[in-house]
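Read top to bottom, the protein sequences are chains A and B.
Read in order, the letters of the first sequence correspond to residues 7 to 423 in my numbering.
Read in order, the letters of the second sequence correspond to residues 7 to 423 in my numbering.
Even for Gly, the Cβ is constructed at its ideal location relative to N, Cα and C.
As the structure is a prediction and not an experimental result, all values here were calculated from the model.
What follows is a single structure, written as structure tokens, with notes after it.
There are 2 protein chains.
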Amino acid sequence: MREGLSVDEAQKAVLKMTQRLAAETISTSEAAGRILAESIESGRRQPPQDCSAMDGYAVRRADLLEASADSPISVPIVFEVAAGAKAKRSLEAGEAARIFTGAPLPTGADAIIRQEDTRSDAGRVEILVAPLAREHVRDAGEDFGIGDQLIASGTLLGAPHLGALASVGRSVVSVHQRPTVAILSGGNELVEPDRSADPDKIVSSNSYTIAAQCREAGAMPMYLGIAEDTPTSIEAKLHAGQRADVIVSSAGVSVGDHDHVRGVLEKMGCRLHFWGVKMKPGFPLVFGVIESTGTLVFGLPGNPVSASVTFEEFVRPVLRKMLGHRALYRPVVRARLTEKMTKKAGRLHFVRVILETRDGEYHATPVENQSSGVLTSLVRGHGLAVFRAECEGLDVGAEVDVQILDPAFFDQNERGF
Amino acid sequence: MREGLSVDEAQKAVLKMTQRLAAETISTSEAAGRILAESIESGRRQPPQDCSAMDGYAVRRADLLEASADSPISVPIVFEVAAGAKAKRSLEAGEAARIFTGAPLPTGADAIIRQEDTRSDAGRVEILVAPLAREHVRDAGEDFGIGDQLIASGTLLGAPHLGALASVGRSVVSVHQRPTVAILSGGNELVEPDRSADPDKIVSSNSYTIAAQCREAGAMPMYLGIAEDTPTSIEAKLHAGQRADVIVSSAGVSVGDHDHVRGVLEKMGCRLHFWGVKMKPGFPLVFGVIESTGTLVFGLPGNPVSASVTFEEFVRPVLRKMLGHRALYRPVVRARLTEKMTKKAGRLHFVRVILETRDGEYHATPVENQSSGVLTSLVRGHGLAVFRAECEGLDVGAEVDVQILDPAFFDQNERGF
């Protein structure tokens, strides 16, 4: 087992052990946010035939080249074509057909005159404009033709993709499976929120934060509850979690006598890949793989902020890779520090910051209390400013990278255009 | 009824008729993405008492001011405090207590020596460093005290908020209700995706796109199916939709003889507020309110792109306002055009574009086919470039506002720091 990796080394190590999950077939209407596991080719044309893009009249352009508002041309309305219907017969010279948006163009017709450019009366219509060639005609296959690739495998499906899938008759679709994540907390001091009255106890808030982080990443959390500080209790929980793709335990991986997780993991046939990442918060992170099941195991530190940040940096990219995402990482912006920051060289620091925009630039202010126990500091921050391992501090006004955690950060209160 | 509003006027008109929905109480673990409808004040302290931030030894600092690696000070280990347990007695001068992360600080102790800074042997521990005042002690109430406001009403709840709610013992929480949206399509040419073989028919893809857009916005879609082009069929569907907060119909609002929706709406006691918005795509938008139920009714145009874009610009902000969001709007970035664009003055154009980053700037290229029937163009674009009503065109290199629709647009393939 390696010890004391850099953030970069640790991230590479966890992603190296991560495979994209196999495919499953789900209802198209449930597929938003999932990654397509097949290539979608069209088996039909859209529109299936030439059709009208407007409500108006189907005409033969050659009849109407001289038409204008000053000298309209009057033609008989010989039939009507509704959307979803077939034309009764072909259109002959000197004729017009009433037509509606989406209705198939009758044979013989080669342009549509918009209703607004006509006057109709007693079975005849006066055309007030000369049509351009194929004006207001949607060509068969304009949206897509037979055999066109509509959506490439690996695409993240959004609302318009679901519409496009429906339009080629696909009511089910193949996407990558969602990972399951078994979550446990460890510690005799921990209780569930409904038992929070005892002053010697602390609510196991990590399971709430981590389950929500799993869901946000697209994975399915499976909460196993609080393990007591005994090898037997921890082993029972970890066994229950082996069915999952990933186990995330918080607490129990430190150096204290009461931290049993590591020992139990080794006994279970979990190959430990590394212990300790040179970062703050979050040093005591352990990562391994249960060899019999392939389950990835993350032992996160117990402090709420350390647990949340190590999940963010190591577990989230793993879950997104399993889901088939290409973009495994959060947005990053450059921001100017509003306060001088000092640190020792050695560990990479993730500092919770509030961002403000002034003069077209982001400005980052660290939240007041950076203690790893202070979960409310994550509540207040927009993201994590990154101070590299070798950095010994930065002055006011210096630029830092800030990883954006707030999912609504880029949303706007004003329309913005 | 007003006709031919600007995009801005139409947006103001729909938001003016929109109320934030009342509150409901839900499980905290399900509350991510929802807007808090109460102010969360803490009824307890976190941590509840002074406790250790490390595994190590609780000591009295005054005993150890001269300790160093060269001249360690040896003290007896008189008891042990595990997390979740109480100390047996207070710590006296010249004593140390074994202590674990999260365990309460014994009375009398005022600093923690990390395990790494000690050597222990046969009931005694050698201290290798002089502690700072209250070093590695987490003060009672460091995270929050009794009566502290932890989360303000109106906050969008994310993963750390759920952890914070749990940590104050809140297993349920009050959030704004989610709007229901009744969706119907109209047109004899439309069929569901599993009936897509008939070449005279077109799949009703709008219902898929719109339902996914509702879900993405946080609302609950309720699909009513395809209405036939008869007042009776449309009326039956609209009646079924009156239970919803919002009705979204696509097609049926244009000027053609077969467009019955407007007539039916008026008959149902729907006060029509406006018809027609000076935009492209999407001019024939109708908006009204059913007076007896307060249901907002949007009659969107039938073309897939027009329906999707008008939903985006008018329905989505309404749904987000109902949900209690402050940020009603999508992110907007400035981008440089890679192609010359021309248009007529009069309507605001939303042009689907692909964005690329070069030299730290965004560059916007319109997708090839801007026909409002071409849903696949939305699939390919990252967002909508905005060309104002009065604009008659822009040169290559000119700056435009681009509204970002792709939810993954800011995510990164590389870690970025």
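Against A:F423, what residues of chain B qualify as contacts under a CB-to-CB distance less than 7 Å, listed in chain order?
Neighbourhood of A:F423 in chain B, by CB distance below 7 Å: V338, V392, D407 and Q409, in chain order.
Who are the neighbours of A:H167 on chain B, taking C-beta pairs under 7 Å? Going along chain B in sequence order, the residues near A:H167 (Cβ under 7 Å) are V385.
Worksheet item: Checking contacts by CB at 7 Å: is A:S256 closer than that to chain B?
Response: It does not: the Cβ of A:S256 has no partner Cβ on chain B nearer than 7 Å.
Under DSSP, the alpha helix (DSSP H) around A:D251 begins and ends at which residues? According to the DSSP assignment, A:D251 belongs to no alpha helix (DSSP H), since it is labelled neither H nor E.
Residues of the stretch 206–226 of chain B with a CB closer than 7 Å to any CB of chain A: list them in chain order, please. Those residues of the stretch 206–226 of chain B placed with their C-beta closer than 7 Å to a C-beta in chain A are D206, K207, I208, V209, S211, N212, Y214, T215, A217, A218, Q219, R221 and E222, ordered along the chain.
- Please list, in chain order, all residues of the same chain as B:R120 whose beta carbon is under 7 Å from its beta carbon, the five residues on each side excluded. Counting only Cβ-Cβ distances below 7 Å, and skipping sequence neighbours, we find M60, G62 and H142.
- Query: Going straight from the alpha carbon of A:E234 to that of A:D206, what length do you get?
  - Reply: For A:E234 and A:D206, the distance between alpha carbons rounds to 15 Å.
- Task: Under the assumption that A:A424 contacts B:D417 (Cβ atoms under 8 Å), give the Cβ distance between them as a whole number of angstroms.
- Result: Past the boundaries of the shown model lies residue 424 of chain A; chain A is included only from 7 to 423, so the question cannot be answered.
Report task. Check the Cβ-Cβ distances between B:S177 and every residue of chain A, and say whether any is below 7 Å. Result -> Yes, because at least one Cβ of chain A sits closer than 7 Å to the Cβ of B:S177.
**Prompt:** Relative to the C-alpha of A:T238, which residue among A:A170, A:V267, A:I157 and A:A203 is closest?
**Reply:** Here the closest residue by C-alpha is A:V267.
Output needed in chain order: residues of the stretch 136–160 of chain B with a Cβ under 7 Å from some Cβ in chain A. Along the stretch 136–160 of chain B, going in chain order, the ones with a CB nearer than 7 Å to a CB of chain A are R144, E148, D149, F150, L156 and I157.
### Message
With DSSP as the reference, identify every bridge partner of A:Q418, one or two as the case may be.
### Response
DSSP lists B:Y335 as partners of A:Q418.
CB-CB under 6 Å to B:V339, same chain, minus the five flanking residues each way: which ones, in chain order?
The beta carbon of B:V339 lies closer than 6 Å to those of Y368 and V408 in the same chain, with the five residues before and after it left out.
Mind checking if B:V84 is an interface residue toward chain A, Cβ cutoff 7 Å exclusive? No, its Cβ sits nowhere closer than 7 Å to a Cβ of chain A.
Using a Cβ-Cβ distance cut-off of 7 Å, determine whether A:F289 contacts chain B. With respect to chain B, the C-beta atom of A:F289 has no partner C-beta closer than 7 Å.
(message) Using a 10 Å radius around the Cβ and a threshold of 16 neighbouring Cβ atoms, would you call B:Q52 buried or exposed?
(response) With 16 or more other Cβ atoms within 10 Å, it is buried.
Margin query: With a threshold of 8 Å, are at least 3 pairs of Cβ atoms found where one atom belongs to the stretch 72–82 of chain B and the other to the stretch 207–225 of chain B?
Written below: With fewer than three CB-CB distances shorter than 8 Å, the stretch 72–82 of chain B does not count as touching the stretch 207–225 of chain B.
*So what does DSSP say about A:V267, is it helix, strand or coil?*
Note: A:V267 maps to helix in three-state DSSP.
Can you tell which of A:E15, A:D14, A:V20 and A:M7 has its C-alpha closest to the C-alpha of A:R326?
Ranked by Cα distance from A:R326, the options A:E15, A:D14, A:V20 and A:M7 are led by A:V20.
In angstroms with no decimal places, state the Cα-to-Cα distance between A:T371 and A:T344. The alpha-carbon atoms of A:T371 and A:T344 are separated by roughly 5 Å.
Handout entry: Inter-residue Cα distance where the pair is A:Q219 and A:E318
Key = One Cα belongs to A:Q219, the other to A:E318, and the distance between them is close to 8 Å.
Leaving out five residues before and five after B:G247 in sequence, what residues of the same chain have Cβ atoms less than 7 Å from its Cβ?
Within the same chain, Cβ atoms closer than 7 Å to the Cβ of B:G247 are found at A188, L190, L230 and I253, the five residues on either side in sequence being excluded.
Where does B:A341 fall in DSSP's three states?
Strand, per DSSP.
ask   = Closest Cβ-Cβ distance between A:L361 and chain B: below 7 Å?
value = Any Cβ of chain B closer than 7 Å to the Cβ of A:L361 would place that residue at the interface, and such an atom is absent.
For B:D365, return the contacting residues in chain A, with the cut-off set at a CB-CB distance below 8 Å.
Residues of chain A passing the Cβ test: none, with the nearest at roughly 15 Å.
Residue nearest to A:G49 in terms of C-alpha spacing, selected from A:L171, A:A395 and A:M328: Here the closest residue by C-alpha is A:L171.
In angstroms, rounded to a whole number, what distance separates the CA positions of B:L162 and B:A250? If I take the Cα positions, the gap works out to 24 Å.
Exercise. Compare the C-beta of B:P372 against all C-beta atoms of chain A and say whether one is closer than 7 Å.
Key: Not an interface residue.
A:T316 burial status per 10 Å Cβ neighbour count (16 or more: buried)
Here A:T316 is buried. Its C-beta has 16 or more other C-beta atoms within 10 Å.
Can you tell me whether B:T31 is buried or exposed, with buried defined as 16 or more other CB within 10 angstroms of its CB?
Label assigned to B:T31: exposed.
Considering only their Cβ atoms, is the gap separating A:R66 from A:A103 smaller than 7 Å? With contacts defined by Cβ atoms closer than 7 Å, A:A103 and A:R66 do not form a contacting pair.
- request: Give a yes or no on whether the C-beta atoms belonging to B:G108 and B:A93 are separated by under 7 Å.
  value: With respect to the 7 Å criterion, B:G108 and B:A93 are not classified as neighbours on the basis of their beta carbons.
If we cut at 7 Å on Cβ distances, does B:F426 have a partner in chain A? Examination of residue 426 of chain B is not possible in this model, given that chain B is present from 7 through 423 alone.
query = Listed from N- to C-terminal order along the chain, which residues in the stretch 47–58 of chain A have their beta-carbon within a distance smaller than 8 Å of any beta-carbon of chain B?
reply = Within the stretch 47–58 of chain A, the residues whose Cβ lies closer than 8 Å to some Cβ of chain B are R50, Q52, P53, P54 and Q55, listed in chain order.
>> I need the boundaries of the beta strand (DSSP E) containing A:H355, first residue and last residue.
In response: Annotation: the continuous beta strand (DSSP E) that includes A:H355 extends over L354 to R364.
Alpha carbon of B:H14 to alpha carbon of A:Q376, nearest angstrom: Note on residue identity: the sequence assigns Asp, not His, to residue 14 of chain B. Each residue's Cα considered, the two are about 43 Å apart.
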